[in-house]
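Written out below as structure tokens is the structure these notes cover.
Numbering (my numbering), first residue to last: 38 to 684.
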């Protein structure tokens with residue numbers, strides 16, 4: 038049998054997440070093939086001709102630069118060889134939910150999610166470190182950090198110690214910018230075209246944040262700098278100015294977001310009443326007198342008659358808002374209010390609640406009365422997990438307003454409305470989603486990511502039994518779920534007594550995943566720089582045969598499946614069904630509702646299984662690289678083409 042020589046590079050054999058650098062180049066090549074050499078390399082000189090660098094002097098071009106920017110961008114788009122494993126013990130009602138809490142360093146997690154959740158997230162809300170000199174900044178220098186993260190079992194159990202970013206550090210702002218830049222670059226890939234991102238920040242870095250967001254999302258996609266009134270009293274220990282506000286920066290992914298609206302609240306509707314028992318229901322009123330004078334609008338200056346006292350009425354200085362014809366029309370429709378006893382000096386125009394749109398144009402000043410304060414956020418956490426457990430959590434009312442604003446316009450219950458928070462903190466976003474879904478029986482879903490940051494062993498949280506911030510994230514949302522279930526038992530007891538418990542708790546829970554080292558030892562392989570690519574590939578194949586001979590056990594089979602599927606673009610809410618028609622191999626059908634494949638982790642693929650795909654060549658199939666000899670692999674490639682993957 039004629040067998041073609043396999044080509045490729047080392048990465049083709051590695052269990053990696055999506056390589057965004059490679060994809061960006063491939064996209065550029067499809068659009069502009071003339072910019073590439075015959076060997077497939079980007080011709081920088083040809084690219085420069087297109088952009089015409091002479092049109093703008095290098096020294097005059099506006100650009101926001103800082104130390105480490107280029108490296109941060111490279112790290113953002115380089116693939117991850119880590120994986121995620123399901124933590125059933127810490128999950129809550131995992132079979133009834135698509136909500137996810139992921140414990141792990143968020144840049145690596147975002148990379149792992151970037152293929153499966155690409156353009157699937159409707160709303161991102163993050164509350165990152167504010168860089169006040171007391172906050173930590175995630176380090177992306179993984180040459181040492183990764184080794185500790187993966188190899189020291191105590192790190193993920195006891196927590197990862199993270200240094201603060203002090204103002205005495207010569208790269209104080211650069212450290213923070215590098216952290217934010219790389220994560221926002223990947224986060225943008227996850228947003229739907231009609232998606233939006235909200236970022237909480239204070240005065241310290243808001244100007245820098247605006248600049249990097251303008252670069253990543255486009256200056257034209259900036260929507261607003263929302264001011265949140267986070268406290269209602271001043272702090273008299275401030276040296277110069279007491280801060281009572283935070284910023285919430287809002288960007289859209291694209292021009293598909295043309296209109297933003299937010300639902301009317303009870304507070305909005307509270308100004309409407311019905312003192313005259315009008316059959317059209319509650320109303321509020323505005324003055325019929327215009328702000329324009331009679332001299333400015335002489336055609337709108339006329340006498341009207343009070344229908345209760347029959348007196349002629351004329352404003353002494355101002356014109357009316359409408360013409361006499363319009364006044365007569367409104368009067369005939371009982372649209373004027375002359376006071377409770379009909380003796381009010383000038384009439385007011387009724388505006389009926391029933392005639393108003395169901396949503397409102399949002400404003401960029403959010404008062405504490407409407408969305409809560411920082412103290413309210415602290416009180417919520419105290420009530421759920423104990424006093425002094427977490428500092429400066431955002432109130433759930435604030436995040437509910439953010440979610441409502443993001444989802445209100447053209448809200449479609451049939452779509453997956455995913456809210457992502459990759460600085461999960463105490464889990465406020467999860468609580469907000471759970472409570473909103475309870476209020477309107479919605480199906481919003483969340484993904485929270487929180488690094489297992491170690492908690493100070495002298496803190497109240499540590500004394501309460503929490504070793505990591507991620508422990509608080511999980512425990513808070515567990516207790517929110519328990520509280521809502523107890524409320525539902527009181528409100529709808531029949532749901533829990535008539536065999537409908539699954540319906541009662543649908544969506545009330547979350548799956549916990551942990552970021553861990555790849556299950557495949559091959560990620561430790563170091564190519565020999567003195568050898569050719571072909572020689573290194575042969576060395577890698579031998580390394581795989583030697584190191585992965587005992588790869589699969591009953592204990593880690595599920596973990597292997599998860600790693601293989603997420604790196605092939607499956608979401609973490611996939612299902613597996615064993616296929617009875619295969620007699621010589623154990624093969625499962627995997628699907629996440631969109632993607633589907635057959636997958637086999639046996640250490641050897643039988644020829645009968647290979648021949649099955651000769652007739653069933655429309656199905657995708659994934660198996661282990663070491664389960665195939667050269668003939669079987671060639672046949673599967675021949676039968677299935679790009680629908681076959683050897684991992």
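Beta carbons are placed, not taken as given, at the ideal position from N, Cα and C, and that holds for glycine.
Using DSSP's beta-bridge definition, name the partner residues of residue i.
i           : result
residue 288 : 234 and 259
residue 162 : 235
residue 69  : Paired residue(s): none; residue 69 is not in a bridge.
residue 119 : According to DSSP, residue 119 bridges with nothing at all.
residue 660 : 683
residue 310 : 320
residue 707 : Because the chain is modelled from 38 through 684, residue 707 falls outside the range shown and cannot be assessed.
residue 109 : Beta-bridge pairing links residue 109 to no other residue.
residue 250 : Bridge partners of residue 250: none, in fact.
residue 385 : 324 and 374
residue 634 : 627
residue 505 : 491
For the candidate residues the options, whose alpha-carbon lies nearest to that of residue i?
i           : options               : result
residue 462 : 64, 116 and 139       : 139
residue 458 : 69, 378, 394 and 482  : 482
residue 473 : 518, 49, 219 and 499  : 518
residue 225 : 240, 113 and 211      : 113
residue 468 : 492, 619, 414 and 423 : 414
residue 241 : 166, 291, 553 and 452 : 166
residue 378 : 350, 354, 397 and 344 : 344
residue 565 : 559, 219 and 574      : 574
residue 121 : 556, 263 and 317      : 556
residue 317 : 271, 392, 276 and 135 : 392
residue 272 : 425, 282 and 291      : 282
residue 558 : 412, 663, 416 and 82  : 663
residue 475 : 523, 492 and 247      : 523
residue 216 : 427, 126, 103 and 230 : 103
residue 388 : 351, 229 and 325      : 325
Residues in the same chain with beta-carbon distance under 7 Å from residue i, minus the five sequence neighbours each way, listed in chain order, please.
i           : result
residue 666 : none
residue 487 : 140, 461, 462, 506, 507 and 510
residue 54  : 116, 117, 148, 149, 151, 152 and 604
Roughly how many whole angstroms lie between the Cα atoms of residue i and residue j?
i           : j           : result
residue 115 : residue 439 : 31 Å
residue 266 : residue 280 : 9 Å
residue 401 : residue 634 : 47 Å
residue 365 : residue 323 : 17 Å
residue 147 : residue 609 : 13 Å
residue 650 : residue 637 : 13 Å
residue 3   : residue 600 : The displayed coordinates of the chain run from 38 to 684. Any statement about residue 3 would go beyond what the structure contains.
residue 572 : residue 107 : 32 Å
residue 550 : residue 315 : 57 Å
residue 612 : residue 394 : 42 Å
residue 375 : residue 346 : 10 Å
residue 313 : residue 342 : 19 Å
residue 48  : residue 546 : 37 Å
residue 278 : residue 410 : 19 Å
residue 553 : residue 602 : 15 Å
residue 236 : residue 444 : 16 Å
residue 464 : residue 677 : 44 Å
residue 501 : residue 269 : 30 Å
residue 308 : residue 298 : 20 Å
residue 190 : residue 252 : Only weak support is given to the placement of residue 190: the predicted model assigns it a pLDDT of 48, under 50, and the value that follows is read from those uncertain coordinates. C-alpha separation (whole angstroms): 39 Å.
residue 371 : residue 383 : 15 Å
residue 349 : residue 310 : 28 Å
residue 442 : residue 576 : 55 Å
residue 19  : residue 432 : In the structure as shown, the chain begins at 38 and stops at 684. Residue 19 is therefore absent and cannot be evaluated.
residue 179 : residue 247 : With a pLDDT of 41 at residue 179, under the threshold of 50, the predicted position of this residue should be treated as unreliable, though the coordinate-derived value follows. Approximately 27 Å, taken between the alpha carbons.
residue 668 : residue 570 : 23 Å
residue 50  : residue 562 : 11 Å
Between residue i and the rest of its own chain, which residues show a CB-CB distance below 6 Å, the 5 nearest in sequence each way excluded?
i           : result
residue 356 : 327, 329, 331, 334, 337 and 338
residue 645 : 621
residue 615 : 625
residue 23  : Outside the modelled stretch of the chain, which goes from 38 to 684, sits residue 23, for which no answer is possible.
residue 57  : 114
residue 221 : 253
residue 421 : 513 and 516
Could you name the residues of the same chain whose beta carbon sits closer than 8 Å to that of residue i, not counting the 5 residues immediately before and after it, in chain order?
i           : result
residue 227 : 147, 150, 151, 154, 155, 156, 157, 158, 161 and 457
residue 354 : 330 and 331
residue 658 : 634, 635, 636, 637, 650, 673, 677, 680, 681 and 682
* Report the residue ranges of all alpha helix (DSSP H) runs contained in full by the region 321 to 375; include only those spanning at least 4 residues, in chain order. => 361 to 369
* Asked: At what residue ranges does the region 553 to 606 contain a whole run of the alpha helix (DSSP H), taking only runs of 4 or more?
  -> 570 to 584 and 594 to 603
* Asked: What are the complete beta strand (DSSP E) segments, minimum 3 residues, inside the region 449 to 484?
  -> 455 to 458
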